[in-house]
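Below you'll find the structure, written out as structure tokens, and then a few comments.
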Amino acid sequence: MESGPCLALIPQWYYNKERGACHSFLYSGCQGNGNRFENKENCTTLCLNPKKGRTGGADVSGEQPSETDT
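Written out as structure tokens, the structure is:
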């Protein structure tokens, strides 16, 4: 992961498809992508149990936080 242009350090979670698990990271506060969740529970529900998660949303399972996320 690379650092983004903003200076915040907001704890967030993302789904790592290769490991099949949600992991924490520090979000810089601007830009980024859809693979960012406020807590591990949301990440797990939406990515590991897609039938319980959002309907019709973007598939974020393969995205890592982008260079502007951290």
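In full-length UniProt numbering, the protein residues as written are 1 to 70. C-beta atoms are modelled at their ideal positions from N, C-alpha and C, and glycine is treated no differently. For clarity, every value in this text was computed on a predicted model and none was experimentally measured.
Less than 7 Å between the beta carbons of residue i and residue j, yes or no?
i: residue 6; j: residue 24; result: no
i: residue 33; j: residue 15; result: no
If you draw a straight line from the alpha carbon of residue i to that of residue j, how long is it in whole angstroms?
i: residue 10; j: residue 26; result: 5 Å
i: residue 18; j: residue 47; result: 13 Å
i: residue 50; j: residue 12; result: 19 Å
i: residue 4; j: residue 41; result: 25 Å
Using only alpha-carbon positions, find the residue among the options that is nearest to residue i.
i: residue 39; options: 30, 21, 31; result: 21
Under 8 Å by Cβ, that's how I've got residue i and residue j pegged, so tell me the actual separation to the nearest angstrom.
i: residue 37; j: residue 43; result: 4 Å
Considering only heavy atoms of the ligand HEM, does any lie closer than 6 Å to the CB of residue i?
i: residue 44; result: Summarising the ligand content, the structure contains no ligands, and the ligand HEM is consequently not present.
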